[in-house]
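Residue numbers (the UniProt record's numbering): 1 to 542.
The beta-carbon is built from N, C-alpha and C at its ideal position, and this holds for glycine as well.
Accompanying notes for the structure given below.
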Ligand code: G4P
């Protein structure tokens, strides 16, 4: 296969959904079609088994949620699929956003009884900002659902997406009989199978076929015929360019747990989703070069290797206590043992320990192509957002930064394990699980942690305990807002500034000045009284 063919067959995507909409179940069924697992168990069974999905952390198992993200890879009908897992808890973290920088498309799973839920909306917004194409799966049609026409309307009204129903449900709840494929005008009949454990048998026939007609009561038949007529007459026709531009969303109906409608979804998605495309390189100064490089697009077919790190994870498996940098390949061919430049440090590194991961199992990767995600082990210098490349003039800046919204002090109550505690905190900060700051007058031994959601603090505590055997204690702080300050002479002696009570000054890990506010009012007061000081929501570029 030529490099262009390898790239064209890659599909790198994430499933986005609100907790409980069925993401895990759907992932499992996809793996079944990819022959990655031969018998898809029920979610309950899976949760107690190891390694069938990406839910690997003890905390995830305990809470039944997916916190950290990883990638599952499988082949299906000639496509090489990279399915990236996104955390599904409502209190989600920056990790989710970072994962979405590494995908080319997203599959949005909606519980058809509930419609669009808050988490789905938040994740969708991230995709929209990046122009990522979104496909929609209306799940749980075997249960009573909302009116499917209303579900489509909601996509348009709430998300601003033009829906295009590819399949249409025939009844719902106990009366769910199958789906109608609007492209082929065929009906796929639904047969309940025990726990959806095997590939669901599918009978294909037309809507007016007596076999179908017999299975639908008059009400459902009339209703469905009318709905399909409305869709054919009034809804937007399928437009591949609009789908790939993230404006139109193809909509599929089915039931993940019953493994129904999944194959049509998977095939429709793979066919119409997009292969890896160009990524933007930013302008940088290469040592020894006369001028900074130009910001430009790097074609996916460019022969030199380039990639960026979107996730760092340590101690994924107690059997392998090490640190993995997950990279998304953007151009060129990856070959094991190749040498690349680590753009941030300018050092040349050899990529010898490269892995493909499947839950907790690892497999060495010798060759990989744009679109693929691989795990690199043993490079402690790699940080989130770093570029690895054979071409020194390429630098990606793909990872968005978000203002922290929650703050806590963390300290170690047990001096006996302080060494382990410090090692753990350092590692977790490097992974970007949370950020740290140093306010003036911090209690001795305490570090200020900042995050987008409080779940991240729980993850820190849990991982300190389980991976480093170190106790930790959290202590509430009065702040809810943090701003970076542009350097200014007035900051030399902050006692001369007029600030409301509870406001505190400090520095970030690069010693850049920051200020912490208890609330919006104290922030506005600060800006009013000290107009010469410029505040920034995100770190000022160095
Ligand atoms: P998530 O990863 O999005 O959080 O959802 P997950 O797949 O874990 O599914 C959440 C619940 O919804 C599970 O039930 C799952 O079985 C159920 N579910 C998924 N797809 C369908 C579907 O098509 N129809 C119906 N009726 N249910 C579905 P649970 O009670 O939490 O787990 P379990 O005891 O069923 O394993």
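Let me check understanding here. Comparing Cα to Cα, which of the options lies closest to residue i?
i: residue 329; options: 236, 303, 407 and 529; result: 303
i: residue 149; options: 324, 227 and 19; result: 227
i: residue 112; options: 141, 353 and 389; result: 141
i: residue 334; options: 121, 366, 181 and 126; result: 366
i: residue 12; options: 84, 232, 78 and 3; result: 84
i: residue 2; options: 208, 332 and 507; result: 332
i: residue 160; options: 175, 144, 127 and 169; result: 127
i: residue 436; options: 398, 511 and 495; result: 511
i: residue 407; options: 336, 20, 519 and 132; result: 519
i: residue 6; options: 368, 245 and 269; result: 368
i: residue 340; options: 307, 456, 355 and 423; result: 307
i: residue 293; options: 305, 245 and 391; result: 391
i: residue 144; options: 285, 192, 133 and 172; result: 172
i: residue 106; options: 115, 96 and 114; result: 96
i: residue 109; options: 231, 216, 82 and 249; result: 249
i: residue 178; options: 401, 264 and 133; result: 264
i: residue 100; options: 14, 166 and 453; result: 14
i: residue 478; options: 502, 487 and 468; result: 502
i: residue 167; options: 182, 158, 266 and 283; result: 182
i: residue 483; options: 468, 465, 507 and 464; result: 507
i: residue 4; options: 425, 301 and 403; result: 301
i: residue 454; options: 155, 480 and 444; result: 480
i: residue 76; options: 123, 271 and 16; result: 271
i: residue 238; options: 279, 527, 424 and 268; result: 268
i: residue 278; options: 266, 240 and 398; result: 398
i: residue 425; options: 526, 289, 468 and 442; result: 468
i: residue 286; options: 125, 389 and 273; result: 389
Please work out which residues of its chain come closer than 8 Å, Cβ to Cβ, to residue i, disregarding the five sequence neighbours upstream and downstream, and give them in chain order.
i: residue 262; result: 26, 29, 30, 33, 200, 254 and 256
i: residue 43; result: In this prediction, residue 43 scores a pLDDT of 34, lower than 50, which makes its location untrustworthy; the coordinate-derived value is nonetheless stated afterwards. Closer than 8 Å at the Cβ level, and outside the excluded window around residue 43, lie 24, 25, 28 and 257.
i: residue 185; result: 206 and 207
i: residue 446; result: 409, 410, 411 and 475
i: residue 78; result: 9
i: residue 539; result: 401, 484, 508, 510 and 512
i: residue 233; result: none
i: residue 131; result: 245 and 246
i: residue 156; result: 162 and 163
Between residue i and the rest of its own chain, which residues show a CB-CB distance below 6 Å, the 5 nearest in sequence each way excluded?
i: residue 504; result: 439 and 516
i: residue 8; result: 275
i: residue 530; result: 497
i: residue 322; result: 377
i: residue 10; result: 80, 275, 276 and 371
i: residue 543; result: Here the chain has residues from 1 to 542 only, and residue 543 is not among them.
i: residue 356; result: 73, 363 and 365
i: residue 486; result: 534
i: residue 71; result: 82, 84 and 373
i: residue 117; result: 18
i: residue 537; result: 403
i: residue 215; result: 177
i: residue 375; result: 324, 326, 355 and 357
i: residue 452; result: 93, 94, 402 and 405
Give every residue of the same chain whose Cβ lies closer than 7 Å to the Cβ of residue i, excluding the five residues on either side of it in the sequence, and list them in chain order.
i: residue 281; result: 295, 296, 298, 394, 395 and 396
i: residue 509; result: 436
i: residue 236; result: 162, 164 and 248
i: residue 522; result: 500, 502 and 503
i: residue 115; result: 146, 151 and 154
i: residue 350; result: 337 and 339
Would you say residue i lies against chain B (beta-carbon separation less than 8 Å)?
i: residue 8; result: Although the question refers to chain B, the structure presented lacks it and comprises just one protein chain.
**Inside the segment 119-145 only - beta strand (DSSP E) runs reaching at least 3 residues** = 134-139
**Item:** Complete beta strand (DSSP E) runs within the segment 300-357 (minimum length 3 residues, chain order)
**Value:** 306-314, 323-331, 338-342 and 347-351
**Message:** If contact is defined by three or more beta carbon pairs under 8 Å, each pair taking one atom from either stretch, is the segment 330-350 in contact with the segment 373-381?
**Reply:** yes
**Request:** Within the segment 218-282, note down every full beta strand (DSSP E) run reaching 3 residues or more, in order along the chain.
**Result:** 248-253 and 279-281
**Message:** For the pair the segment 420-431 and the segment 488-501, tell me if three or more CB-CB distances fall below 8 Å.
**Reply:** no
**Request:** Report yes or no: do three or more beta-carbon pairs, one from the segment 204-224 and one from the segment 130-139, lie closer than 8 Å?
**Result:** no
**Prompt:** Are three or more beta carbon pairs between the segment 467-483 and the segment 408-419 nearer than 8 Å?
**Reply:** yes
**Item:** 3-residue-minimum beta strand (DSSP E) runs that sit fully inside the segment 381-410, ordered along the chain
**Value:** 387-389
**Those runs of the alpha helix (DSSP H) which lie wholly inside the segment 464-533 and span at least 4 residues** = 520-529
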